[in-house]
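In the numbering used here, the protein residues as written are 108 to 485.
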């Protein structure tokens with residue numbers, strides 16, 4: 108690229124609009140699935156996203172002439188850093204045309220911004236918490252991305268590595284063919300678990316019946332996810348935001364929960380029929396009629412996407428995952444679904460990986476979170 112690259116900090120509503128919509132504007136990949144754009148705008152609105160209030164943030168747009176060619180967000184999560192005793196900055200939502208100088212200019216701006224604020228390490232792509240799409244995709248570009256996962260062109264990872272960034276951790280996505288019948292051992296474990304305990308499985312048929320469990324389930328997430336990379340406990344306000352964002356998409360029969368004798372959740376899994384193709388047709392816009400494409404896509408798909416799941420720490424390793432799996436498989440088969448996307452699983456999560464592989468699941472996508480030490484200028 109011969110023309111100069113100009114960086115513009117995002118300060119106006121028009122600049123923010125360009126920043127948010129840039130992936131659609133430059134569209135650098137054939138398997139692009141847009142996010143729900145209204146959710147993206149809400150993410151950047153402190154009134155709608157309480158997590159922003161805990162962080163310092165900056166957003167840059169890169170221009171060549173009058174053409175926007177890249178974007179990046181810098182994040183310093185003070186509460187997380189304090190809790191983990193770290194001085195870590197994050198970069199997020201890196202998007203660029205196929206030009207190494209654009210990527211270098213964007214990353215260097217975030218490096219400088221973080222160093223000015225005393226940060227000693229940079230990681231990313233990583234958002235405000237682990238609930239935001241994380242990492243750059245390395246493998247599986249032939250498959251469409253699913254909701255709440257990152258999507259990027261294949262030229263970006265080599266550019267980050269050329270910038271001196273190295274692997275922090277990989278996140279794996281498994282594809283599982285839904286079995287017509289589960290292994291006998293799996294079923295025996297599930298039957299023994301329920302027979303020898305006061306636990307019971309809840310099934311749901313109406314969204315209204317899910318509402319009383321939303322906060323208890325997300326409190327369970329707070330408890331069980333506390334040691335995961337980047338996890339930040341959700342406040343009550345964030346729980347309500349997450350519920351409002353995803354509840355309309357849920358099919359109640361694909362939510363499975365195990366409760367104790369006090370009706371308190373001890374384990375759960377939430378899944379939805381894949382609607383990536385519908386998002387493409389709707390171009391990420393649900394109104395006025397885009398949501399109809401999502402509904403049609405969810406009816407026609409044969410893929411089930413896992414969104415969230417957890418088992419209370421004192422019940423882990425006691426057979427609750429097979430119980431959830433058997434019940435979820437049964438409901439999925441009734442809807443004509445044939446395979447499952449596991450969503451991201453940290454490569455260090457050996458227990459969850461073993462559960463997947465025991466059922467014959469294979470890794471079909473891989474994402475990487477990068478890191479780099481920030482050295483002070485001498």
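Glycine included, each C-beta is placed from N, C-alpha and C at the ideal position. It should be emphasised that the depicted structure is a prediction, and the values quoted were computed from it without experimental measurement.
{"Check": "Could you give the distance in angstroms between the alpha-carbon of residue 381 and the alpha-carbon of residue 117?", "Outcome": "33 Å"}
{"Check": "Quick one: complete beta strand (DSSP E) runs, 3+ long, within the region 431 to 474?", "Outcome": "446 to 453"}
{"Check": "Is it the case that the Cβ atoms of residue 167 and residue 182 are separated by a distance below 8 Å?", "Outcome": "no"}
{"Check": "Whose C-alpha, out of 454, 430, 315 and 344, is nearest the C-alpha of residue 155?", "Outcome": "344"}
{"Check": "Using only the alpha-carbon positions, how far apart do residue 491 and residue 172 sit?", "Outcome": "Lying outside 108 to 485, the shown extent of the chain, residue 491 is not represented and no answer is given."}
{"Check": "CA-CA distance, residue 480 and residue 463?", "Outcome": "34 Å"}
{"Check": "Could you check how far apart the C-beta atoms of residue 449 and residue 413 are, in whole angstroms? I think they sit under 8 Å.", "Outcome": "5 Å"}
{"Check": "Is the beta carbon of residue 202 sitting closer than 8 Å to the one on residue 129?", "Outcome": "yes"}
{"Check": "What do you reckon, are the CB atoms on residue 348 and residue 157 nearer than 8 Å?", "Outcome": "yes"}
{"Check": "Spell out whether any CB of chain D is found under 8 Å from the CB atom of residue 269.", "Outcome": "No chain D appears in this structure, which consists of one protein chain only."}
{"Check": "Taking residue 184 as part of the beta strand (DSSP E), name the residues at either end of that continuous run.", "Outcome": "174 to 184"}
{"Check": "Using the Cα positions of residue 165 and residue 257, report the straight-line distance between them to the nearest angstrom.", "Outcome": "20 Å"}
{"Check": "Any chance you could list the alpha helix (DSSP H) runs of at least 4 consecutive residues sitting entirely within the region 108 to 137, in chain order?", "Outcome": "120 to 133"}
{"Check": "Going by beta-carbon coordinates alone, are residue 126 and residue 272 separated by less than 8 Å?", "Outcome": "no"}
{"Check": "Work out the CA separation of residue 111 and residue 66 for me, nearest whole Å.", "Outcome": "Shown here, the chain extends from 108 to 485; a query on residue 66 therefore has no answer."}
{"Check": "According to DSSP, what are the bridge partners of residue 274?", "Outcome": "477"}
{"Check": "Please report the residue range of the alpha helix (DSSP H) in which residue 417 lies.", "Outcome": "No alpha helix (DSSP H) holds residue 417; the beta strand (DSSP E) holding it covers 410 to 418."}
{"Check": "According to the neighbour-count rule (16 or more other Cβ atoms, all chains shown, within 10 Å of its Cβ), is residue 467 buried or exposed?", "Outcome": "exposed"}
{"Check": "Around the Cβ of residue 406, are there at least 16 other Cβ atoms within 10 angstroms (buried) or fewer (exposed)?", "Outcome": "exposed"}
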